[in-house]
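Enquirer: Sharing a structure, written as structure tokens. Questions coming.
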Amino acid sequence: MVNKKWPKHTILAIAIITTWLKTYIVYQIGFSITIDNVRQEAILFLSPLSLLLFLYGLSLFFQKQKNKNRYLLAMTLVTSIILYSNVAFYRFFSDFITLPVLFQTDNFGDLGSSAAASVYPTDILYFSDFILLLAAVKLLQIKEENKESRKRHRKAYFVLSGAILFLNLGLAEAERPQLLTRSFDREMLVKNLGMYNYHLYDIYVQSKSQAQRAFADGSELTDVHNYVRANQVEPSEEMLGIAEGKNLIVVTLESMQTFTLNQEMNGQTITPFLNSLTEDEDTVYFPNFYHQTGLGKTSDSEFLLENSLYPLSGGAVFFTHGGNTYNSMAEKLGNQGYATNVQHANNKSFWNRDMMYESLGIDEFLDIQSYSVEEGQSVNWGMKDIPFFEQSVAHMAEMPQPFYSRLITLTNHHPFTLDDEDKLIDEFDSNSGTLNRFFQTTRYLDEAVKVLFDDLKEQGLYENSIIVMYGDHYGISENHNDAMAQYLGKEITPYESAQLQRVPFFVHIPGSGQGHVNDKISGQVDLRPTILNLMGVESDTDMQFGSDLFSEEHEEFTIFRDGRYVTDDYVFAGNTCYENGTGAEISQEYCAPFSERALAELNYSERIINGDLLRFYDEETGHLLGTEQ
Ligand code: GP9
Ligand code: MN
């Protein structure tokens, strides 16, 4: 035994296999990662391998076995520290480490002490691969290798590790389309890419935005500021401050689209309660309100609502710019003495909400941990909307008043599945199961909103609140155009497709008697100025791109995040100019001036975000900081 010489790559093989297996075991015991099927389990198992093969494989470039060993020991220690730090962090925050938390100590103030308090002696096992490797290095004698075979083997080795990386990415993409471009959830990234690749990806995303930020300065705001001020409108005297001092409840209606309102599907009403609100004496209903979200979906709609800035063209701004300076609606209401919070029964790291809400100045985030989900209360993505609303209203009853509480629903989410007892209407009968089920989940969401109203009344919160509800984005994508055409009884041209981006928007002010249908062309970017004016909170020096929908001067020009737009006369979609109303194709000349403005406006907004320019702006005075004005 003592004289036995082991094959030349034994130490490398031990390092890779022990770290790989240890990582997989730690995934199971150190975190609560949800796995729904065998493919996800297989990806989770495979995911640490590609980076380990590459990183540890670099040892092949060392000539002496001694140096190889040292390098491998160092790397095993580094990967162990990374993995273990995440475990310790997760014990406290139920989240994975992302670069900004290491620098934003004000966000996670007691990070160091919390982490230190969660260390146990048995945690040494998280370093078991390092310990095993140390023993192997001490005990095993390794054969020398000749130069020629080294080069050949090395090449083959790195080709193999590249192939495994692509296999991993391919499987991850199949499991979660657009995983890297949308980057929605840290858990999903870790699950699909592996902990080590996740950190590399995180470093890439964060340093890209930090670099853009570093080169920006306040002077870049001058043009943007001039543009914003030039497009400012006067509020409507009648509506200004009409809800002053009341609680503000904003409900995000997941995936709800306007085409389902005041319509039937095979003789069945889809949204009976919301339909009644469209004629209610205390409700203003906006049938020509469009979503303006990009890849960040729900989070983009939240971003528009809070900031009246456009989300980004690539990636989710909640992820890429979660540490920027913002001047959110929550912060403004907070300054007026409002208790501000978001209620959403999902994992808090989804869309990086836990971090972003800190930047948006939201006092409290009631995530899934604040709900008790009983047997039968969960479907599809998580807690059903009806029990969610019931428990959310119970939370509100405990809140100091006035409060601003945002409620984000979840049941009407792709793939639109429901338990039988919650199916209040039949499915549609097209070739798209997605569209067929969508009607049922929309009907369920409508029912849930009714429960919300009833519960608010029961708890005595209704009279003193204003309830705003908006659809976050489409539920039915263009992949289902054939089925949509069957339902609507017309072909889905780019013009129709743009019209399908309408989502409902309601402003319900109990006892106001202000109910009417406001059919102005409008979008989510208008939510903030509209709501703030109703609440009697001035926003006329703010850097916002939307305008108050109750103002006589509101311009009917709504720009989608992808560059399409709608005005009262035109719709620009699929690079074609259409006449709004008839859908007739018309000369590009009509649209040209708007196309130019749409591009400019999206660019201005993007510049603010990429350069983190609001840090150079004093919203109280409307002055640019560090420049003469
Ligand atoms: C997740 C929920 C849904 O928490 O908001 O997100 P989506 O996929 O619609 O953007
Ligand atoms: Mn959504």
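Residue numbers (this note's numbering): 4 to 632. Backbone N, C-alpha and C define an ideal beta-carbon position, used for all residues, glycine too.
Please tell me whether T255 and R94 are closer than 8 Å, where the distance is taken between their beta carbons.
Expert: For the purposes of this step, residue 255 is identified with residue 252 of the sequence shown, where counting begins at 1. For the purposes of this step, residue 94 is identified with residue 91 of the sequence shown, where counting begins at 1. In this structure, R94 does not lie closer than 8 Å to T255 by Cβ.
Enquirer: Rank E267, R73, S164 by C-alpha distance to the C-alpha of F133 and give the top, closest one.
Expert: Within the sequence shown, the letter at position 130 stands for residue 133. Minimum Cα distance to F133 is reached at R73.
Enquirer: Could you spell out the range, first to last residue, of the alpha helix (DSSP H) harbouring G436?
Expert: Position 433 of the sequence shown, counted from the start, is the residue given in the question as residue 436. 436-461 is the extent of the alpha helix (DSSP H) around G436.
Enquirer: Give me the DSSP bridge partner(s) of S331.
Expert: As a first step, residue 331 is located in the sequence shown; it is residue number 328 there, counting from the start. In DSSP, S331 forms no bridge with anything.
Enquirer: Pairing CB atoms from the stretch 596-611 with CB atoms from the stretch 560-568, are three or more of them under 8 Å?
Expert: The stretch 596-611 vs the stretch 560-568: in contact.
Enquirer: Beta-carbon within less than 6 Å of F353's beta-carbon, same chain only, minus the 5 sequence neighbours each way: which residues are those?
Expert: As a position in the sequence shown, residue 353 is number 350, starting the count at 1. Same-chain partners within the cutoff: D188.
Enquirer: Under 7 Å: does the beta carbon of H476 sit that close to some heavy atom of the ligand MN?
Expert: By one-based count along the sequence shown, residue 476 stands at place 473. Within the cutoff, so yes.
Enquirer: What span of residues does the alpha helix (DSSP H) with S395 cover, start to end?
Expert: Taking the sequence shown and counting its residues from 1, the one referred to as residue 395 is at position 392. That run of the alpha helix (DSSP H) goes 388-401.
Enquirer: By DSSP, does M359 sit in helix, in strand, or in coil?
Expert: Within the sequence shown, residue 359 is the residue found at index 356, counting from 1. It is helical.
Enquirer: Which parts of the stretch 211-256 are runs of the beta strand (DSSP E), unbroken and 3 residues or longer, counting only runs that do not cross its ends?
Expert: Whole beta strand (DSSP E) segments, 3+ residues: 250-256.
Enquirer: Between V345, L413, E309, Y341, which lies nearest to N330 when the distance is taken from Cα to Cα?
Expert: Position 327 of the sequence shown, counting from 1, holds the residue named residue 330. Considering only alpha carbons, the answer is E309.
Enquirer: If I measure Cβ to Cβ from L168 and keep anything under 7 Å in the same chain, skipping five residues before and after, which residues do I get?
Expert: Translated into positions along the sequence shown, residue 168 becomes position 165. Around L168: S53.
Enquirer: Take the Cβ of A166 as the centre, count every other Cβ of all protein chains shown within 10 Å, and call the residue buried at 16 or more, exposed below.
Expert: Here residue 166 refers to the residue found at position 163 when the sequence shown is read from its first residue. It is exposed - the Cβ of A166 has fewer than 16 other Cβ atoms within 10 Å.
Enquirer: Using a threshold of 8 Å, state whether the C-beta atoms of M332 and I32 are closer than that.
Expert: The residue you call residue 332 lines up with position 329 of the sequence shown. The residue you call residue 32 lines up with position 29 of the sequence shown. Going by C-beta atoms, M332 is not nearer than 8 Å to I32.
Enquirer: Which runs of the beta strand (DSSP E) fall wholly inside the stretch 156-192 and span at least 3 residues, in chain order?
Expert: The stretch 156-192 contains no whole beta strand (DSSP E) run of 3 or more residues.
Enquirer: Shorter than 7 Å, the distance from the beta carbon of T624 to the closest heavy atom of the ligand MN, or not?
Expert: Within the sequence shown, numbered from 1, the residue matching residue 624 stands at position 621. No; taking the cut-off as 7 Å, the Cβ of T624 has no heavy atom of the ligand MN nearer than that.
Enquirer: The beta strand (DSSP E) spanning E582 covers which residue range?
Expert: Walking along the sequence shown from the start, residue 582 turns up at place 579. Segment 579-582, the beta strand (DSSP E) holding E582.
Enquirer: From the DSSP output, in three-state form, read off N344 for me.
Expert: Here residue 344 corresponds to residue number 341 of the sequence shown, with the count starting at 1. In the structure shown, N344 sits in a strand (DSSP, three-state: E or B).
Enquirer: Closest to L136 by CA distance: which of G539, V231, T21, S590 is it?
Expert: On the sequence shown, position 133 is the one that residue 136 refers to. It is T21.
Enquirer: Determine the DSSP secondary structure at G526, reduced to helix, strand or coil.
Expert: As a first step, residue 526 must be located in the sequence shown, where it is residue number 523. DSSP places G526 in strand when its eight states are reduced to three.
Enquirer: I'd like to confirm the pairing. Which residues does DSSP put opposite S468 in its beta bridges?
Expert: Stepping through the sequence shown from its first residue, residue 468 is reached at position 465. Answer is N250, bridged to S468.
Enquirer: If you measure between the beta carbons of M546 and E622, is that distance less than 8 Å?
Expert: If you number the sequence shown from 1, residue 546 lands on position 543. If you number the sequence shown from 1, residue 622 lands on position 619. Yes, the Cβ-Cβ distance between M546 and E622 is below 8 Å.
Enquirer: Counting only the same chain and skipping the five closest in sequence on each side, list residues whose C-beta sits under 7 Å from that of A594.
Expert: Taking the sequence shown and counting its residues from 1, one reaches residue 594 at position 591. Looking at the sequence itself, residue 594 is Cys, so the reference to Ala does not match. Counting only Cβ-Cβ distances below 7 Å, and skipping sequence neighbours, we find Y573, F575, C580.
Enquirer: Tell me, please, which residues DSSP counts as bridged to H294.
Expert: Numbered from 1 along the sequence shown, position 291 holds the residue referred to as residue 294. H294 pairs with nothing; no bridge assigned.
Enquirer: Can you say whether N269 is buried or exposed, counting buried as having 16 or more other CB atoms within 10 angstroms of its CB?
Expert: Mapped onto the sequence shown, residue 269 falls at position 266. Counting Cβ neighbours within 10 Å, N269 comes out exposed, since fewer than 16 surround it.
Enquirer: Could you please give the first and the last residue of the uninterrupted beta strand (DSSP E) stretch that includes Y573?
Expert: The residue given as residue 573 occupies position 570 in the sequence shown. Run containing Y573: 573-576, per the beta strand (DSSP E) assignment.
Enquirer: Any idea if L617 is buried or exposed, counting beta-carbon neighbours within 10 angstroms, 16 or more meaning buried?
Expert: Taking the first residue of the sequence shown as 1, we reach residue 617 at position 614. Burial call: buried.
Enquirer: If you count every other CB in all the chains shown that lies within 10 Å of the CB of K300, and 16 or more means buried, which is it?
Expert: Here residue 300 refers to the residue found at position 297 of the sequence shown. K300 should be labelled buried.
Enquirer: Compare the C-alpha of I470 against each of T125, H476, L459 and name the closest.
Expert: Stepping through the sequence shown from its first residue, residue 470 is reached at position 467. Checked all of T125, H476, L459; the closest Cα to I470 is L459.
Enquirer: Closer than 7 Å to a non-hydrogen atom of the ligand MN - does that hold for the CB of E257?
Expert: As a working mapping, residue 257 is identified with position 254 in the sequence shown. Checking the Cβ of E257 against the ligand MN gives yes.
Enquirer: F111 by DSSP, collapsed to three states: which one?
Expert: Numbered from its first residue, the sequence shown carries residue 111 at position 108. Confidence is the limiting factor: at F111 the pLDDT is only 45, short of 50, which leaves the residue's position unreliable, though a coordinate-based value still follows. Reduced to three states, the DSSP call for F111 is coil.
Enquirer: Would you call D109 buried or exposed, if buried means 16 or more other Cβ atoms sit within 10 Å of its Cβ?
Expert: For the purposes of this step, residue 109 is taken as the residue at position 106 of the sequence shown. Model confidence at D109 stands at a pLDDT of 46, short of 50, so the residue's coordinates are unreliable; what they give is reported in the following sentence. Exposed: under 16 other Cβ atoms inside 10 Å.
Enquirer: Buried or exposed for D39, going by 16 or more other Cβ atoms inside 10 Å?
Expert: The residue given as residue 39 occupies position 36 in the sequence shown. By the 10 Å Cβ count, D39 comes out exposed.
Enquirer: Among T274, S362, G436, which one has its Cα closest to the Cα of V320?
Expert: Against the sequence shown, residue 320 aligns to sequence position 317. Closest option to V320, Cα to Cα, is S362.
Enquirer: Apart from the five residues just before and just after L174, which ones in its own chain have a Cβ nearer than 6 Å to its Cβ?
Expert: In the sequence shown, the residue the question calls residue 174 occupies position 171. Contacts found: I46.
Enquirer: Report the rounded CA-to-CA distance for S480 versus T323, giving the unit in angstroms.
Expert: Start at 1 with the first residue of the sequence shown, and residue 480 comes out as number 477. Start at 1 with the first residue of the sequence shown, and residue 323 comes out as number 320. Between S480 and T323, the C-alpha separation is close to 25 Å.
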